[in-house]
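A short worksheet on the structure shown next.
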């Protein structure tokens, strides 16, 4: 009678982990388990589950470094248990931090003597750095206004619409108004002239971006500086500039040493840079450098007596590991200027290889510039069959690549781009492989049934054309009808319910997408064309999808599907504001014949909402397919535009009065219950 | 004409690191070097310099975890290059974070159903957690006042004077007035009665500390809750409580399960806890948990839609590694309730041993309580001959980092030494520390230095820490020839000389 209980605890040391009982039990999700499990088992279980995460190296969405030398890994691991704030206990670590600050400050041409200490601080990332920089500007402005005896309660900050979400966070958390300069098609960064126009006496600073997240382009800081100097001279204000060089800060000094964007320009008072982007360190390190001591208000610095030693600190975080700081110092001295230069040149070179490869396919338009941060941003020239960049992104995932697709910021939302970030560890082989895989995807795309029937005409053989043509005609007919209807509806709205904008009190709805959906414009819809993107403003969206589109679906033979993509950008972008919440959104209307089945089945399946969120290049998609009963209501009802108009009028009114919110609640509920269908785009 | 270029000497790979030229040239301090150096040399240079840092394991000043199991280190290293914010790319990591939040919320008795999702967020540390919690209170108070049509520009927060500096930071950066309840001798935590007295209509919340940094004592949250409930009833205000359980959050549920300090009390709306303290993870993780969704104002939450589901985020930081989150989950799963309980009991036991040892010297008053966070805070009974700062300095020579500091306002004439008992501080180390303290005390008794005024104390402290390092270095150099006692004398004289200069 030996080994009869193979899963008993006492046998654990004998058994392989996968033979133990621990791999059989389901892991606790909500409550801490009662008893301990062996470390080997814990390791194996967690390790295996983490295999389902994407491979960091193939994540082309992110700027964040994913590979370092083993020697540096060793240093990182050795110092992972050192608490960075214990400056007294770990003086050398503090010293290394200061050296990094000094080196970076000098890299950015801070006006300093040979061995003068620079003013700067290491942070967890550029987010913290930006908040600290913003806080310094805010406090400085407040102090100035106080001295002048002027009101100091309405600070604002001017940036391009292409800023990273953390500026919006800063604005909202620290109660500063964010004034965004919209971009336009073909010019995707902040226009210095427009930015300077927006500056007023309450502007605490203008933030320029060196290396836009969207296409890697450098903003013209020099021009901004010149224009702002002039304006300052005229008005007597003293508006400074902050440069958000999160991604470009370690590129420009090495590849474009002549480019003036840093402390060489007199109005640039602080610069932040991410150590974990092209600073070539693992995630968790950023830097903020101030021009001089005067630019950092003294009252923000804490002189604390912590554990017996006096320290001056200006951070939002306190305890944290010191690994990343040591790793940054390692990279700075190991690589030196030459090493950084070589790496950045390699990145640039690989970006060019990828760019040329993409151009050669003849299907893409390149939106990124050759100069700037090594990213390649590209969009489809011709959305064959209605398959857009999101489809390409989704299909590339199957090969393991994560290539995000997202719309451009306010002013150019209708342009959708795919973006590949070239990091130091992205070698030429990988670049070539990626081009190869994209080509494969393009071929597959061509074979897919098209979304828009009219497209088939171009590809299809003769036999089909006549049949398709009638489809196309019908579709055009329907489109015209629909457009007319919407225009008519718009008229009614204008007359009847114009006064209800902003429409209703949308204070705390649970789902942003649906909330956004409520805010989209009716007027904009009027301008919508199949396959077009329109930018949204305030309005009601729900009656639109429910009554109009479905009505058309029900009545149409050829209009098989209407996709509504609500591009949920980042909050605080729009000039419109509701209850302190800003929005921007787009409505994307297209049609497709999803499958060749009878109309009823199609109706049940294919009216869908598709949401897209954009955040730091991390583009995500999801959608929601209306449940059959929603369609059932419409099935068989061949609604005439006039009839709908009548119904709609009442409904709108009710919704606008905030009385009939049932529909909205229903959707929200369903979405909360997880009724999502992430494969809406899977044709 | 071969090999005339000077670019990296060819002997580089043959030479041992210490034979290469890189250890001869001065390390760059102010400017980035122009040329690269081999990775081995870079490693060696940095590694060697870092040897002069204190040993984290012997740092008794800090609550922060300095030891983890090698299996967990492996997991951490494997995930160090994963950016925690890329929730779309790393869904499992996100899931693990959510599981941790759920586990912690339930540990704190948050009123959530069996499979409800708790509201909380992983942060870099308790500082970020406190700022987020404070911001939520501030925003909630603001919107309430706006609705009532009352002014909302003078928010304040009530805490004890024993709070950690990050509360002051929060107050200053987010423009909230910090009202501190002063301490008194013998009572080193916030007095709930006094705190409730200070509450007014502009108070966004009262912050109680579970495990005061100074003495490890738990504040009486239950009493605070009762008094505040009464006051709220009288005045019609709705002042909530935040519990800063940075160090006590992982102690109380295991050792004092019957102590009511958490969401069992109705006014407690949010709790923060440091994962990197008794959560037993390396520095860089903290947590804040809200009672319900309503306690976190929606307009502070940034929504990211990923994979069709709504992923709300509320953080001050953005990109960061995900190692610490994964390590936290490892600890929860690996140790379970039982494991945490055993660890905390061991810590308390070591604290007891240490306390008894210190008491036995007869020279110290113990200020920490037996209940609370496992730390021993003690002050000198008689500091006329020498003070705790000198003891702290002397202990450094043995490698121990034991901080000495003065108490906050109204008790600032008391200076204490504090030893934090962490998981990795074993009984053997505790006994060793006692014997080293005894040695130091013997020296002090035989070579006392007189200090005349209190002001000299403080100035001297700063000098001392710097000199302490010098002393340490000299100690290394001379130890071969001279006895430690002689060096101690020399060093003490050095300090004495400095001090007279200051005076």
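Chains as they are written, first to last, in our numbering: chain A, 1 to 683; chain B, 1001 to 1503.
Ideal placement from N, C-alpha and C gives every residue a C-beta, glycine not left out.
Could you pull out every residue in the same chain whose Cβ sits closer than 6 angstroms to the Cβ of residue i, ignoring the five residues on either side in sequence?
| i | result |
| --- | --- |
| residue 1054(B) | 1401 |
| residue 1481(B) | Any reading at residue 1481(B) needs caution, since the residue's pLDDT is 46, under 50, leaving its predicted position unreliable; the model's value is listed next. Here the set comprises nothing. |
| residue 64(A) | 276 and 283 |
| residue 431(A) | 350, 353 and 354 |
| residue 249(A) | 273 |
Take residue i and list the residues in its own chain whose beta-carbon comes closer than 8 angstroms to its own, dropping the five residues that flank it on each side.
| i | result |
| --- | --- |
| residue 1169(B) | 1127 and 1131 |
| residue 326(A) | 75, 76, 79, 93 and 96 |
| residue 1354(B) | 1376, 1419, 1421, 1430, 1433 and 1434 |
| residue 341(A) | 254 and 255 |
Check whether chain A comes within 8 angstroms of residue i, counting only Cβ atoms and requiring the distance to be less than that.
| i | result |
| --- | --- |
| residue 1049(B) | yes |
| residue 1020(B) | no |
| residue 1165(B) | yes |
| residue 1259(B) | no |
| residue 1148(B) | no |
| residue 1325(B) | no |
| residue 1171(B) | no |
| residue 1283(B) | yes |
| residue 1319(B) | yes |
| residue 1124(B) | yes |
Can you pull the chain A neighbours of residue i, defined as C-beta to C-beta under 7 angstroms?
| i | result |
| --- | --- |
| residue 1347(B) | Result: empty, since nearest Cβ-Cβ is about 16 angstroms, beyond 7 angstroms. |
| residue 1034(B) | 336, 337 and 338 |
| residue 1401(B) | 89 |
Residues in its own chain within less than 7 angstroms of residue i by CB, not counting five upstream and five downstream?
| i | result |
| --- | --- |
| residue 1016(B) | none |
| residue 698(A) | Summary: the structure shown does not reach residue 698(A), with chain A confined to residues 1 through 683, and so no result is reported for it. |
| residue 161(A) | 180, 181, 182, 183, 409, 410, 411 and 573 |
| residue 426(A) | 350 |
Just curious, the alpha helix (DSSP H) that residue i is in, first and last residue?
| i | result |
| --- | --- |
| residue 1340(B) | 1323-1361 |
| residue 180(A) | From DSSP, residue 180(A) is part of no alpha helix (DSSP H) but of the beta strand (DSSP E) over 177-181. |
| residue 102(A) | 91-107 |
| residue 351(A) | 323-361 |
| residue 75(A) | 70-78 |
| residue 222(A) | 221-235 |
| residue 1072(B) | 1070-1079 |
| residue 1397(B) | 1388-1397 |
| residue 1224(B) | 1221-1235 |
Can you pull the chain B neighbours of residue i, defined as C-beta to C-beta under 9 angstroms?
| i | result |
| --- | --- |
| residue 79(A) | 1050, 1053 and 1056 |
| residue 389(A) | Residues of chain B passing the Cβ test: none, with the nearest at roughly 16 angstroms. |
With a cut-off of 8 angstroms, does the C-beta of residue i fall near any C-beta of chain B?
| i | result |
| --- | --- |
| residue 278(A) | no |
| residue 564(A) | Interpretation of residue 564(A) is limited by its pLDDT of 41, a score under 50 that renders its predicted location unreliable; no figure is taken from the coordinates. |
| residue 262(A) | no |
| residue 61(A) | yes |
| residue 102(A) | yes |
| residue 50(A) | yes |
Which chain B residues sit within Cβ distance under 7 angstroms of residue i?
| i | result |
| --- | --- |
| residue 54(A) | 1089 and 1090 |
| residue 213(A) | Per Cβ cutoff of 7 angstroms: no residues; residue 213(A) is ~12 angstroms from chain B at best. |
| residue 75(A) | 1043, 1046 and 1047 |
Quick one: which chain B residues come within Cβ less than 8 angstroms of residue i?
| i | result |
| --- | --- |
| residue 176(A) | Near residue 176(A) there are no residues of chain B at all, since even the closest Cβ is about 12 angstroms away, more than 8 angstroms. |
Name the chain A residues whose beta carbon is nearer than 9 angstroms to that of residue i?
| i | result |
| --- | --- |
| residue 1423(B) | Those do not exist, as residue 1423(B) stays about 12 angstroms from chain A at its closest Cβ, beyond 9 angstroms. |
| residue 1027(B) | 99 and 333 |
| residue 1332(B) | 28, 32 and 33 |
Interface residues of chain A around residue i at Cβ under 8 angstroms?
| i | result |
| --- | --- |
| residue 1256(B) | Per Cβ cutoff of 8 angstroms: no residues; residue 1256(B) is ~17 angstroms from chain A at best. |
Would you kindly report the start and end of the unbroken beta strand (DSSP E) that includes residue i?
| i | result |
| --- | --- |
| residue 419(A) | 416-421 |
| residue 43(A) | Here residue 43(A) belongs to no beta strand (DSSP E); instead the alpha helix (DSSP H) covers 39-50. |
| residue 1121(B) | 1119-1123 |
Using a Cβ-based criterion (distance less than 7 angstroms to any ligand heavy atom), does residue i qualify as near the ligand GDP?
| i | result |
| --- | --- |
| residue 1347(B) | Summarising the ligand content, the structure contains no ligands, and the ligand GDP is consequently not present. |
Contacting positions in the segment 1067-1090 of chain B - beta carbon closer than 9 angstroms to chain A: Residues passing the 9 angstroms Cβ filter: 1067, 1068, 1069, 1070, 1071, 1072, 1073, 1074, 1075, 1076, 1077, 1078, 1079, 1080, 1081, 1082, 1083, 1084, 1085, 1086, 1087, 1088, 1089 and 1090.
Chain B contacts made by the segment 20-41 of chain A, where a contact means CB separation under 9 angstroms: Cβ contacts with chain B: 27, 28, 29, 30, 31, 32, 33, 34, 35, 36, 37, 38, 39, 40 and 41.
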